Each structure stands twice: as structure tokens, then as C-alpha cells.
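Line order of the protein sequences matches chains D and B.
Quick note: to get our numbering, add 34 to the position in the first sequence (first position is 1).
Quick note: to get our numbering, add 23 to the position in the second sequence (first position is 1).
These notes are about the structure you will find just below.
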Amino acid sequence: MEEQFKIYKDEWWPMPIWYTDIPETVVDPSLIADEANLLKNLQFGTDHRPKALSWCSHNIKDTVNDGKLPEMKKLKEVVLTVAPVISKDFGFKNPNLDIEEMWTTFQYPNGIQTPHTHQYTLAAVYYANSNDDMGKIWFINNGGSAVSNKSLTDNTNKYTYEQVEYSPIIGRLLMFPSWLLHMTNVNYTDQDRISVAFDLK
Amino acid sequence: MEQIKLYKEEWWPTPIWYTDISHNDINPKIIVQECQAEKNRGYGRDFTEFGQSWGSHNLVDPIKAGVYPELKKLSDFVENTATYISEDYGFIRPILKIEEAWCNFQYPNGMQTVHTHIRPLVALYYAQAAEGSGKIWFRPPEPMSYSNKMFTKSDNRYNFEKVDYSPIVGRIFFFPGWLSHHVVLNQSTQDRISVSFDLI
């Protein structure tokens, strides 16, 4: 009897992750790394050792706006160009999302970032110095299905994965809703992974 | 910035499956009669004080025993379809079995408050549903629910505050047990009669 039936399926509330690979001609990742190192050398930030093997700058939004970090300014402009597209796509109330915070992160060898969410509405991360062994970013299902999926499903598809992973590819910018739980795996190399993060609202 | 191409991937959508069963295959009027027979027998719970409704006890055993042949056909359909859904969704058990089945009578002015089910898959069949007898509303899972309300316009499938479906006679819905849902007011003058299934 069931052969006569057509099963329809609607899918609601997916969690989107956007990404783009910014050409070096637009934003040069090696110059971003240089500017990040400059901030670190100036000690404009916080070293989280030994609690966490990382260093994070303070909020550099104003410094970037002042033109003191020209490549970071180019990166910021890319983020602000992409953000309205995402805002429209996702349906954020604010059509012109603005950067509230922007900071650089050095993830030292053997360092990880524990699971966390961000405040505001949209988060972004750009990779300036990284490779697959430096720690992928893991997005963890923290929706209503998470507990059930773990105990009742085989975690093999887009409905049920416990987490999805993205490689930290140099020049790639990832953007995602701030409330999406995420973490970064171990940096297995002897080099620092350098990234720039953004909180928009 | 024309050089920038933006990609998007989507994870963890909430699926809701449905199909319309031909009345020739499963007759909703007979389903109504069988539910009514169970109600007349008094084998159930009256929720008049709370939600203006009556729900039968678990009918799995009488259905298996052949007491209600049309409900048996409906149960067989549910279990057959559940096998397809289990594969689609990725449940560990390829063959889901009905653990509980019950008839619901939602009286005029009755509603069902927000709830989830404890088993992995739920099915809901409408046997009698007049115009205005109460749509089913599905709610987004947390934490989308809270954040969406604050930051988004609630105008698309990422951020709807709820999605609702009309009760159509002969239509059956399947959805994950963890999905929060409720039924709005029955504004018709007839009872809305449905049959629910919990599968594991």
C-alpha cells in the first residue's frame, strides 16, 4: 500500500555556516599575520598561559578604524561587505550588521579552545597562518536534537552529526550565528595558528 | 568585492515528514468509529479540566489483537513508513516499532499545551478535523528559539518562531520526538479526532 504514497519532507531551522576564500590580492594573510605579530609584540592583549595555550589581543576595532593596521582594515571591509548579505539571508533584524569586537588570536602548539558561544548575533573567523594540523574548528550541535541524536541515531548525516569540522585554511573567512557552540582542536604543530575573530551585531 | 564568492552549508535541520493516505486505503470515518468505540468503553482519560480533551489509553495490544481492524491498517502503515524515515534520519534502529498508540478527542475550545514526546519518532494521523479545529504548531529547538526571537525577523526557515500545519483528514505527520509542539484552540463545533503513535 505504501508504494502509492509520496512522503513529503519539510526542513526547518537549519544551522547555516557561511564561508569564503578571500583572494590574497584583496587581503594578504601574511600581512595580517605581520600585523597580528606587531600587536603581540606591543603586548596589546592577554596571554592566557598556563590556563590556555593562547594569546588574544584586546579589541582592535578602534585601532583598525584609525588606520594603524591597514591590512586588518581591508579584512574588516570584506567582513562588512559580506555581513549584509548574510543578514538578509538569515533574516537578522539589523540589515547592516556592524563589528562590535575584533581581535587576533595566537593558538600556541598543543593549545586548544574549549567549547564556547559568542555574544551578539554573528561571529566570524579569518585564518592568517594555519594548516590542517593546527586544529580544526568544530561546530557542535547544541540544538534540541543534540541529546536525542547522541543516544538514538548513528551520527552519520546532516540531521544527526554530533559535530561538523572545518579546516583552518589560510585566507578563509567563516561566519556563523553567535549562539552556535564551537571549539578548536589541538594545534599539533610547533607553529602558532594565527586567526582574526569578529563579533557583529 | 565581486571576487568574493560566499558559500553556505546547513546543518541539523529539523525534518517534518507527512503524507496523505487515500481514504480508500484507510477510511478516516472507520477510524473515528473505532476511536469512538474506545471512548464509549471509557478506556481513557478525560482532560476536560485542563485542555478540553479525551485521550485513550495505549491501544497497541487491542490493535494487535485485531479488535480495531482499521487502526491495525493504520498502525501497519505507520511502521512501514517509519522504516523509510529511520533510514532517512539515521536512527540507530532501522525498524522502529510502535510503543504507544492512542486516540485523541479535542473538544471545541480545547487545546494542547507545549510538549515533547519521550520516544525517538512520533506519528500523528487526523481522522476528523473540521475547518478551524486547531493547527499543530512546531517550535524551534533551543538555542535558536531564544536567539531568533531577539535578533531575527522570524520571516524564514532559519528563524521562524513557529511553523504550523493544518489538520487535514487522512494526513499523517511524522516528526522527531524531541521536537516541541502544541495544538491551538479548536474553534470549530466538532471534536477533532486524531491518532498518535510513539515509536522506538
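Beta carbons are placed, not taken as given, at the ideal position from N, Cα and C, and that holds for glycine.
Nothing here was measured: the structure is a model prediction, and the numbers come from that model.
For residue i, the three-state DSSP class (helix, strand or coil)
i: B/Pro163; result: coil
i: D/Glu36; result: At D/Glu36, the pLDDT of 49 sits below 50, so the modelled position is not reliable; the number obtained from the coordinates is stated separately. The answer is helix: DSSP assigns D/Glu36 an H, G or I state.
i: B/Ser219; result: strand
i: B/Asp111; result: helix
i: D/Asp55; result: strand
i: D/Ser229; result: strand
i: D/Pro48; result: coil
i: B/Pro131; result: coil
i: B/Thr136; result: strand
i: D/Leu109; result: helix
i: D/Ile120; result: helix
i: D/Pro104; result: helix
i: B/Glu300; result: This structure does not reach residue 300 of chain B, given that chain B is present from 24 up to 223, and the question cannot be answered.
i: B/Ala146; result: strand
i: B/Ser152; result: Before going further, note that residue 152 of chain B is Ala rather than Ser in the sequence given. Coil at B/Ala152, not helix or strand.
i: B/Ala124; result: strand
i: D/Ile174; result: strand
i: D/Glu196; result: coil
i: B/Thr37; result: strand
i: D/Asn189; result: coil
i: D/Ile204; result: coil
i: D/Lys43; result: strand
i: D/Val181; result: helix
i: D/Val61; result: coil
Beta-ladder partner(s) of residue i, from DSSP
i: B/Arg68; result: B/Gly78
i: D/Cys90; result: D/Thr80 and D/Thr139
i: D/Ala158; result: D/Met209 and D/Phe232
i: B/His46; result: For B/His46, which the question treats as bridged, DSSP gives no partner whatsoever.
i: B/Phe183; result: DSSP, once it has assigned bridges, lists no residue as partnering B/Phe183.
i: B/Lys31; result: D/Trp52
i: D/Gln147; result: D/Thr218
i: B/Tyr91; result: Answer is none; B/Tyr91 lacks a bridge partner.
Rounded separation between residue i and residue j - CA only
i: D/Pro149; j: D/Tyr222; result: 18 angstroms
i: D/Ala231; j: D/Met136; result: 6 angstroms
i: D/Glu36; j: B/Val192; result: Low confidence applies to D/Glu36: its pLDDT is 49, below 50, so where it sits in the model is not reliable enough to give any reading.
i: D/Lys95; j: D/Leu207; result: 17 angstroms
i: D/Asn176; j: B/Gly89; result: 43 angstroms
i: D/Ser1; j: B/Leu147; result: Outside the modelled stretch of chain D, which goes from 35 to 235, sits residue 1 of chain D, for which no answer is possible.
i: D/His216; j: D/Ile51; result: 12 angstroms
i: B/His138; j: B/Leu202; result: 8 angstroms
i: D/Tyr42; j: B/Tyr188; result: 13 angstroms
i: D/Asp44; j: D/Leu87; result: 44 angstroms
i: D/Asn75; j: D/Tyr160; result: 20 angstroms
i: B/Glu122; j: B/Val101; result: 12 angstroms
i: D/Asp233; j: B/Ser211; result: 49 angstroms
i: D/Phe140; j: D/Ser121; result: 29 angstroms
i: D/Pro104; j: D/Val98; result: 7 angstroms
i: D/Asn183; j: B/Gly113; result: 9 angstroms
i: B/Val55; j: B/Arg162; result: 28 angstroms
i: D/Glu199; j: D/Thr218; result: 9 angstroms
i: B/Thr37; j: B/Ser219; result: 20 angstroms
i: B/His205; j: B/Lys158; result: 9 angstroms
i: B/Thr42; j: B/Ser79; result: 24 angstroms
i: B/Phe183; j: B/Gln59; result: 37 angstroms
i: B/Lys87; j: B/Gly155; result: 33 angstroms
Closer than 8 angstroms at the beta carbon, the chain A residues around residue i
i: D/Tyr42; result: No chain A is present in this structure, whose protein chains are D and B.
Near-chain B residues of the segment 168-180 of chain D - C-beta to any C-beta below 8 angstroms: Phe173, Asn175, Asn176, Gly177, Gly178 and Ser179
Residues within the segment 106-131 of chain D neighbouring chain B, beta-carbon criterion of under 9 angstroms: Glu111, Val112, Thr115, Val116, Val119, Ile120, Asp123, Phe124, Gly125, Phe126, Lys127 and Asn128
Chain B contacts from the segment 46-73 of chain D (Cβ-Cβ distance under 7 angstroms): Trp46, Trp47, Pro48, Met49, Pro50, Ile51, Trp52, Tyr53, Thr54, Ile56, Pro57 and Val60
Selection of the segment 120-145 of chain B by Cβ proximity to chain D, strictly under 7 angstroms: Pro143
Chain D contacts made by the segment 198-213 of chain B, where a contact means CB separation under 8 angstroms: Pro199, Gly200, Trp201, Leu202 and Ser203
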